[in-house]
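Residue numbers (my numbering): 2 to 401.
Positions of the beta carbon are idealized from the N, C-alpha and C atoms, including for glycine.
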Amino acid sequence: MTNKVNDIFDSFTSKTIFKDKQLLQSNYTPEVIPHREKEIEQIAGILAPSLRLERPSNLFIYGKTGTGKTLCVKYVENELIKRALKQNIELSILYVNCKLNKVADTEYRIVAELLRKLNEKVAATGLPTQDLYRRFTEIIDKKKQLVIIILDEIDQAVKKMGDDFLYHFTRIGSDLSKAQVSIIGISNDLLFLDNLDPRVKSSLSEEEISFHPYNAAQLQDILKERSKKAFKENIVQTGVIEKCAAYAARNHGDARKALELLRIAGELVERDSKKELDFEYIDKANNKIEKDKILDVISNAPKHFQLVLSSIISLTKKNKEAIFTTDVYDIYLNLCSKTRLEKLTQRRIGDIISEFDLQGIISFKVISRGRHGRTREIKLSLPTHLIGKVEGILFESLGI
DNA sequence: GTCAATTCACATGAAAGAGACCACGGTCTAGTG
DNA sequence: CTAGACCGTGGTCTCTTTCATGTGAATTGACGA
Numbered sequence: 002m003t004n005k006v007n008d009i010f011d012s013f014t015s016k017t018i019f020k021d022k023q024l025l026q027s028n029y030t031p032e033v034i035p036h037r038e039k040e041i042e043q044i045a046g047i048l049a050p051s052l053r054l055e056r057p058s059n060l061f062i063y064g065k066t067g068t069g070k071t072l073c074v075k076y077v078e079n080e081l082i083k084r085a086l087k088q089n090i091e092l093s094i095l096y097v098n099c100k101l102n103k104v105a106d107t108e109y110r111i112v113a114e115l116l117r118k119l120n121e122k123v124a125a126t127g128l129p130t131q132d133l134y135r136r137f138t139e140i141i142d143k144k145k146q147l148v149i150i151i152l153d154e155i156d157q158a159v160k161k162m163g164d165d166f167l168y169h170f171t172r173i174g175s176d177l178s179k180a181q182v183s184i185i186g187i188s189n190d191l192l193f194l195d196n197l198d199p200r201v202k203s204s205l206s207e208e209e210i211s212f213h214p215y216n217a218a219q220l221q222d223i224l225k226e227r228s229k230k231a232f233k234e235n236i237v238q239t240g241v242i243e244k245c246a247a248y249a250a251r252n253h254g255d256a257r258k259a260l261e262l263l264r265i266a267g268e269l270v271e272r273d274s275k276k277e278l279d280f281e282y283i284d285k286a287n288n289k290i291e292k293d294k295i296l297d298v299i300s301n302a303p304k305h306f307q308l309v310l311s312s313i314i315s316l317t318k319k320n321k322e323a324i325f326t327t328d329v330y331d332i333y334l335n336l337c338s339k340t341r342l343e344k345l346t347q348r349r350i351g352d353i354i355s356e357f358d359l360q361g362i363i364s365f366k367v368i369s370r371g372r373h374g375r376t377r378e379i380k381l382s383l384p385t386h387l388i389g390k391v392e393g394i395l396f397e398s399l400g401i
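Laid out in structure tokens, this is it:
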């Protein structure tokens, strides 16, 4: 028995096709960031005054996902910190991702997260938000120093709770006597600034930088660079990088996605205990990513979400030419009484349907049927080969 | 036949409630010297 | 006398409900040709 296990471990360690898988992980910060030299210079230029303990302008960065925004900022951050240490400059940089669910997606949590970065213990809830602000300003104002706050995915936070909190942030500086604060906002949403309160907008975007998507050629460079170090020799076949880049380029030049694709493909090759990564594996990886994402979302969804989805699936299977909100709600009510669950209002079900749409599990368009009112026309957008699996999950969790 | 008004059946927004979780400060209680 | 248990108050957070307002084309009905 133990021998067998050891064999498995042996073959796992010896047969690996990876040299260093880390390089394909999304949290990896490479030494060199190809095709972003100009942006890095810009960021560095804007933040440079901090090395003389002068407050740099607030900076606003926007660009689609996977265009290297966070990467570039972190890169400059690291260099800046190194330099500050060498020159003995009181500079701290606090990075908060406003999206990472449950960590920092409310005003309270963002400030709490900032405090934690300063090695403060903060309760998960229970304190007035204003208290946290006060504690934060007190702590950083203890000494003469410069604090740079980086708010990543700031658009998500604003979408969720409005732009009030940004106003609070931009005003932190005015309560300080010794320390100084500047803010870097990073957004995936290109139109984000337009919808902001003008006061916030002008103070947040003293400087702006936009990141353009990578094109296919640039993506290839990035992938080549990384795969050279991540995989052992002669693993990656010709055409793989090109295909991977093409996939991602279609996806508004998302480099993160491209790297993920390559990594998953590699893992699949390993699982098949093959030695060559050819371009068919890119397709397989793409399917796997989609599938895993969808199944994960569905199996972790609350019961009522699952009931709604179950209703939509059963309507789809009945081959009705169009599914409307009421149809879904009727079946949902039925399922509720079958499963003895408290039923939710139609208003709420409407929101749940919207959320499914956002996740790409269904799609709908609002149509007006004239005299017969307005409603949503709902379509299931799960790939057909997944429907069975999804039904399995739903059955397991709901027992219907 | 034409055109504006009407109407339906929801969508969409805003506000507020319910219940879980949590911190903090004050009060009570049991153990200790 | 003191540490720890316990309680009440007041805060956040998520999921919902309630109430209010918005919406776009089929339908209606008045009008004129």
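Strand pairing of residue i, partner residues [DSSP]
i: Gln181; result: Leu147
i: Val77; result: BP columns for Val77 are empty, so no partner.
i: Glu114; result: BP columns for Glu114 are empty, so no partner.
i: Ser1; result: Nothing about residue 1 can be reported from this structure: the residues present for the chain run from 2 to 401 only.
i: Ser93; result: Val148
i: Asn98; result: Asp153
i: Thr376; result: Ile368
Beta-carbon spacing of residue i, residue j below 8 Å
i: Leu310; j: Phe365; result: no
i: Leu205; j: Asn59; result: yes
i: Ala286; j: Ala266; result: yes
i: Ile354; j: Arg375; result: no
i: Leu192; j: Ile150; result: no
i: Asp153; j: Asn196; result: no
i: Leu316; j: Tyr333; result: no
i: Ile283; j: Leu381; result: no
i: Leu359; j: Ile295; result: no
i: Ile394; j: Ile299; result: yes
i: Leu236; j: Glu277; result: Here the sequence assigns Ile to residue 236, which means Leu is not the residue at that position. Yes, these two residues count as a Cβ contact at 8 Å.
i: Val6; j: Ile185; result: no
i: Leu399; j: Lys304; result: yes
i: Lys202; j: Lys20; result: no
i: Phe10; j: Leu194; result: no
Residue i versus residue j: straight-line alpha-carbon distance, rounded
i: His213; j: Arg372; result: 46 Å
i: Arg117; j: Ala125; result: 11 Å
i: Thr171; j: Phe306; result: 38 Å
i: Arg251; j: Gln131; result: 45 Å
i: Leu224; j: Leu52; result: 34 Å
i: Leu25; j: Thr326; result: 43 Å
i: Ile44; j: Gln181; result: 19 Å
i: Ile401; j: Leu177; result: 60 Å
i: Ile111; j: Asp156; result: 13 Å
i: Lys70; j: Tyr63; result: 7 Å
i: Asp328; j: Ile141; result: 57 Å
i: Glu271; j: Ile18; result: 7 Å
i: Arg348; j: Pro199; result: 33 Å
i: Asp273; j: Lys100; result: 36 Å
i: Ile210; j: Ile187; result: 10 Å
i: Glu397; j: Ile47; result: 55 Å
i: Ile363; j: Leu336; result: 19 Å
i: Arg136; j: Lys65; result: 34 Å
i: Arg341; j: Ala302; result: 18 Å
Cβ neighbours of residue i in the same chain (closer than 8 Å, five flanking residues each side left out)
i: Thr68; result: Phe212, His213, Pro214, Tyr215, Gly254, Asp255 and Ala256
i: Lys289; result: Ile265 and Leu269
i: Tyr29; result: Gln23
i: Lys144; result: Glu91, Lys179 and Ala180
Cutoff 7 Å; reference residue i; Cβ partners in own chain excluding five residues on either side
i: Ser369; result: Arg375
i: Ala113; result: Val123 and Leu133
i: Val367; result: Arg375 and Arg377
i: Ser93; result: Gln146 and Val148
i: Gly174; result: Gln181 and Val182
i: Tyr76; result: Thr30, Ile34 and Ile41
i: His403; result: One cannot answer for residue 403 here, as it falls past the ends of the chain, which runs 2 to 401.
i: Leu72; result: Thr30 and Ile34
i: Leu263; result: Leu25, Leu224, Ser228 and Cys245
i: Asn189; result: Lys65, Thr66, Glu154 and Asp156
Chain-order list of residues whose beta-carbon lies under 6 Å from that of residue i (same chain, five-residue window excluded)
i: Gly240; result: Phe280
i: Gln221; result: Ile242 and Ala246
i: Phe166; result: Glu108
i: Glu207; result: Ser58 and Asn59
i: Ala85; result: Leu92
i: Ala158; result: Cys99
i: His36; result: Gln219
*In chain order, which continuous runs of the beta strand (DSSP E) of length 3 or greater are located wholly inside the segment 28-74?*
Fully enclosed beta strand (DSSP E) runs of 3 or longer: 60-64.
*With a floor of 4 residues, list each alpha helix (DSSP H) that falls wholly inside the segment 290-341, ordered by position along the chain.*
You should have 304-318 and 326-340.
*Complete runs of the alpha helix (DSSP H) confined to the segment 232-280 [at least 4 residues]*: Unbroken alpha helix (DSSP H) stretches of 4 residues or longer found wholly inside the segment 232-280: 241-251 and 256-272, given in chain order.
*Enumerated in chain order, which unbroken segments of the beta strand (DSSP E) with a length of 3 residues or greater are wholly contained in the segment 348-373?*
If only complete runs of 3 or more residues are kept, the segment 348-373 shows the beta strand (DSSP E) at 363-369, in order along the chain.
*3 or more residues per run - each beta strand (DSSP E) lying fully within the segment 198-234*: You should have 208-212.
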